[in-house]
Structures are given as C-alpha cells and as structure tokens.
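For reference, the structure is listed below as structure tokens.
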Amino acid sequence: MAIKRDIQYINKDFTQYRAQLINYSQTYFPTTYTDFSETSPGMMFIEQAAYVGDVLSFYIDNQVQETYLQYARQDSNLYDLAYMYGYKPKVTGLSTVDLDFYQQVPAKTTGSNNETVPDYDYALYVPENTTISTRAGSPQNFTIDEPVDFSISNSLDPTTVTVAQITAGQPTYYLLQKTRKAFSGTINQTTTTFTTPEDFGTRIIEGINIAGILDVVDSDGNNWYEVDYLGQDLIFDGIKNTNYNDPNAAVYSNDAPYILQTKQVQNRFTTRFLSPSKLQLQFGVGNPLNTTETIIPNPQNVGLGLPFQQSKLTTAYSPTNFVFTNTYGTSPTNTTLTIRYYTGGGVASNVESGTITNPTTTNITFIKSGLNPTTANTIFASLATSNPIAASGGQDGDTIEEIRQNSISNFSTQLRNVTQDDYLVRALSMPPKFGIISKAWTQKPEADTANTTLDLYVLSSNAQDKLTIASDGLKQNLKTYINEYRMIGDTISIKNAFIINYGVNFEIITYPNFNNNIVLQDCILALQNYFQTDKWQINQPIIVADVMVLLDQINGVQTVKKLEFTNIAGVAKGYSQWAYDMNGANQNGTIFPSLDPSIFELKYPNTDIKGRVVNL
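Mapping of the sequence shown onto our numbering: position 328 corresponds to residue 319, and the numbering continues sequentially without gaps.
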C-alpha cells in the first residue's frame, strides 16, 4: 500500500523550500540518506531543487501580480488591462498655440479717386498641415490643421491689414495678418498592404511619442475612420458651416464653424497602445464586396424591448450603442493603406512666446500666377510667423499610477451620461470645431417626478470673448453630440442661461504718504482680475464680504468706505437685455443670481469698475 505523504504548499522562498526538502527526506527516507551537512552531495541536490522552486515561485507570483490593475508594473500588461477597462492611456499630449501669420503685399490704386489698397494678387496660400518650427535649441514642430488664405477675409476668418511702408506720403506695402490654431507635433506617414481579407487584421506602428492617427486612406482614395469599437457604425462628422452646405445654419458660422452630424461608415478601425512606443490598428472582418449587409440591433449591447428603429438605437446604455452590423466593419482587401499619424508633444512642446518662427515653405504658393518675378520673390520672403503667447497643454504620457487611476475612473462611467455632472462635463467637452460651450449648468425641473428630465443651460462667447446666447446652430450640434451618450429614457432640454451685466462702484480711504492714483489703480486691477468671466460660473453668487477683504488687502488702503454693485442692461449700449435688481437680490451680504439659471458678467472691466479716493 502506498504511503501517504505529507506535502506542504505554503513554502515560498529558498530557505523554506530547503528546510522542507530536508524534513521530507528525514521523514520518509530516514535510512537512505543521513548526511545533511553543508558540503555533502545530497545537500547540493536539495539546494538545487530549492533554487528552482524559489525561481518558479517568484515568476508565478509576478505573473499573478501582473494580472491585477492595482499591482501590475510592466507597460505591456498595464496597457492591456487599461484596454479591458475601456481606457486608452495617453502616451503624449500635444500643446496648442495661436500662431500669427504675416506677409506683405504691394499697394495698388483703384477707382476714380485712385484709392490705395492692398494688391491681393500677391496673396499667399499656406496649406493645411504646414509645419512651423521653433528657432533655436532642440526644435519643436507645430502644425496647422486649416489653411491660411491671405486673399479672403470675413467674420469667421478675418485678415488684419496695416500699412507696412510709406513712400512720398502714399502706402507702398501693406502688412496682412491672420491667426491659426497650431498644435505641436510632426506628421509622419507609413504604408501597409492588404491582399486578401484578414479577420480583424492588425497593423502596428512603432515610434517615439506617437500622439494619434491623422487619417487613413486606401489606394482608391477611400477614407477609413477611427471608432471606439468595431461594432460602432456611426461616427461624429463635421461639415463646414457655409451657405453651400446649409443655408439655414450658415448665419451661425461664427460660433459653430462646423455642423455636427452622425455618419454611417463601413470602413473603420480601432486603435490601442500596446506600449508607449507601439500603436496597434485593428480593422474589421466583413466582406468589402458585400455592400448590402444587413443592419441589425445587437441585443447584448442595446437591450431587449427597444423599438427596432435605427433612430432609437443610439439611446441605449452602452457607449457603443450605435447601430451594429453583422460584420463589424469591412476588412481592407487588395489595397495599400496610407497611414498618417502625429508624433511629438510632451512638456517640451510648451515653448515660450515668440519662438515659433520657421515655417516650412515647400508647399506655400501664390493664389494667382503670372506675377512679376522680382516682386513675387520679395513678397515670398516677407512671410513670417510668430506666437504672441506661449504654447500650452503639452503633457508627457500617463505614469503607471495615472494609468491605474484613470482606468478605474473610466470604467465607473463607461462614457455614459448618468449624473448631472456627467452631462455638464460632456457639454463642455464637445469638439471645438462644432462650437464652444463657454458656460453650462444642469438642473432637474421641479415638475419632473420621474426624475428623467434634465435642463441643460448653456452660454457661448463672441469674437470679443464676451458671453452671449448660444446660437440655434450651436445648440443643435450640442444636442446631436449629447444624444449619443445619454441614458435611455433621459430627456435633455437645452436652454439659454441668462446674462446679468453689472458695474462696481467703490470708495476707499488711503493711508498718508501713499500715492492715491497708484493705490486706486491697484484696487481696480485687483477687481478686474477677481471678476474675470472665466472664473465665474452659472448660478455663482457674489459674496460682498470677499470683495471688501480683497480691497482692504491692497497696499495703501486704510478703509473701504463704499462698495456697491449696480445692474447695467440694454442691447443698444452693448449689454445684456435683461435687467436685474441687484439690491433686492442682496441677502445678508450675498448677491444671488436669479432663480432662472444666470451668470454675473462684468462685461467691460475698463469702464464698468469705478472707484475714487475720499477723505475721512
């Protein structure tokens, strides 16, 4: 009969394995081997076995540890776990900057009065994706995503014109200036070929500081679109807001330069980082020759009981609750894909002002041909760029701990709008080309007993960065955008918030031996900074005591004798149309906004703040 062996499974390291092996030998082989001295041959084999056990235990423990998001340390495992949680780690963040473009054009005379005007025949055209570099040190590249056409000027794309040179009292050259958003990074390109269809075929791009995909185009010129999941059949797409594209929406082009639409696409792919230097693209599995594939709802993602209507499928619980196809997108076949992607960014791309000055002129051309060669060369040489403010927003990739925390946070919301804060953040996160929501506020109507209706109050900004009512075009874009993230059964009503413009009047007493004008100016500057619109939110009250303390702390102020807030209204005067009783809204030193969501705006700080120095 076989002897039952007592085997322990709690040993984890070399010392424990060694002691257990000696005890095992002494227990079950007491007379077979008795020499357990450090130099004996038997101890050599026991220690070798203990060594192997220790190494295997280490690697098993390590591999188990790497399967948990809280404890994983290896990049590849962390990225895989983040992907499981639905989070895409950030490898690098691109900085953005306002970039000014300048060129000179000769003057010409026109009309019966021989009026001198710029000769726009010499206007330059700077195409999109043009690269502009910093001037010194380790160059940082910046790219514009919209072209610069000096020959046109409108409210959406104004051109600033100034006189650059005067001869004999007449302008001979004019200076044209345009501004474009630029982002740090270089556009790189690679190609890959598909011969036969590949089920969920993948391709990997390797590089340093890969920021994302710009576009993917096949040999036939067809675009391939990046989606969150291959089952996602609809994407957000934007068309230029022009009279040609939509005559009814064109009047809103100032605050909604693009019209947001959903677009059904078959050519799609997903991306995920396998490591900080490897970006994987995964394509679909469908037959590209089958152009009549059936559009079906996926009950696992949409939920049973919904009406089988395409327009209703985007309101389910999942962030991937778009229309699903039976093929999860097509697979590239007999084609070569050209993949353009961004690299760069990081903290190093937050360059100082006045440093982005070296444009790549290879593809820059004149609008017209047949120009005077000498003049054309002079004009071409006049092209210059500069950034009046420093670039900002560039960030290095997520740290290990940031990947952990962001993955957990992302998993909890799953890109859905569940709470009021979710809708607030989503409204403020709409891509800027579809319009910018400057302020937002959410609240549930008192009459909503079912708690499924939400009022979303929004405001936009005009070209002077003053608050204004959001246009119908902007609100329509926002409605389209939010609709793809809302919970089924939620009803979102987008409304205008109210703007309350006001002025500040104050009187102070200064200490002797202080310059009254300097003290007064310091007080005004402090108030201008305190009441900056970007620091104030909808339904935020004015706490008078805080303003009093602010003034009282200004060097040279002995006493704040008077402080009052007055409403300023009237469209003809450039203010909001809504009047408001500031005194009546003052409750124990706190000026509350109206019950209808509203925001206090000090619209013109240079004129709406009035102060004076008085005597005791």
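The beta-carbon is built from N, C-alpha and C at its ideal position, and this holds for glycine as well. Values in this document were obtained by computation on a predicted structure and should not be read as measured data.
Judged by pairs of C-beta atoms under 8 Å, the segment 212 to 228 touches the segment 250 to 261, as three or more such pairs exist. For the pair residue 39 and residue 64, the Cα-to-Cα distance works out to about 29 Å. Shown here, residue 601 sits in a strand according to DSSP, grouped into three states.
Membership of residue 9 in the alpha helix (DSSP H) is indicated by the continuous run 5 to 19.
In summary, residue 136 is exposed, with fewer than 16 beta-carbon neighbours lying within 10 Å of its beta-carbon over all protein chains present.
As DSSP reads the structure, residue 201 sits in a beta bridge with 334.
Distance between residue 144 and residue 218, taken at the CA atoms: about 36 Å.
Ranked by Cα distance from residue 353, the first of 342, 374, 345, 338 is 374. Judged by DSSP secondary structure, residue 541 falls within the alpha helix (DSSP H) whose first and last residues are 535 to 543.
Shortest Cα-Cα distance from residue 508 to any of 470, 602, 495, 528 involves 602.
Between residue 556 and residue 539, the C-beta spacing is not below 8 Å. Contact between residue 198 and residue 179 holds, with the beta-carbon distance rounding to 7 Å and staying under 8 Å. Between residue 150 and the set 209, 133, 111, 529, the nearest pair of CA atoms involves 111. Checking the DSSP bridge columns, you'll see residue 326 partnered with 185. A distance of 8 Å or more separates the beta carbons of residue 173 and residue 125.
Distance from the Cα of residue 382 is smallest, within the candidate group 564, 87, 75, for 87. Comparing alpha-carbon positions, the option among 481, 359, 157, 537 lying closest to residue 113 turns out to be 359. About 5 Å separates the beta carbon of residue 194 from that of residue 272, a gap short enough to meet the 8 Å contact definition. One alpha carbon belongs to residue 577, the other to residue 535, and they sit about 9 Å apart. Considered as a whole, the segment 463 to 517 harbours 463 to 474 as its complete alpha helix (DSSP H) runs of no fewer than 4 residues, in chain order. Counting along the chain, the unbroken alpha helix (DSSP H) around residue 41 starts and ends at 32 to 56.
Between residue 590 and residue 484, the alpha-carbon positions lie close to 19 Å from each other. Taking C-beta atoms as the reference points, residue 450 and residue 459 count as a pair closer than 8 Å. Rounded to whole angstroms, the Cβ separation of residue 515 and residue 550 is 17 Å, and the two are not in contact under 8 Å. DSSP, reduced to helix, strand and coil, places residue 364 within a helical segment of the structure shown.
By the CB criterion at 8 Å, residue 258 and residue 184 fall outside the cutoff. Judged by DSSP in its simplified three-state form, residue 132 adopts strand. Using a Cβ-Cβ distance cut-off of 8 Å, the segment 391 to 401 and the segment 56 to 75 are in contact, since at least three pairs of beta carbons, one from each stretch, lie closer than that value.
With respect to the 8 Å criterion, residue 510 and residue 559 are not classified as neighbours on the basis of their beta carbons. Residue environment for residue 461: buried (at least 16 other C-beta atoms within 10 angstroms of its C-beta).
Here the alpha carbon of residue 394 sits roughly 7 Å from the alpha carbon of residue 69. Judged by DSSP in its simplified three-state form, residue 417 adopts helix. When secondary structure is reduced to three states using DSSP, residue 69 falls in the helix class. In this structure, the alpha-carbon of residue 433 lies about 8 Å from that of residue 414.
Judged by DSSP secondary structure, residue 452 falls within the beta strand (DSSP E) whose first and last residues are 444 to 452.
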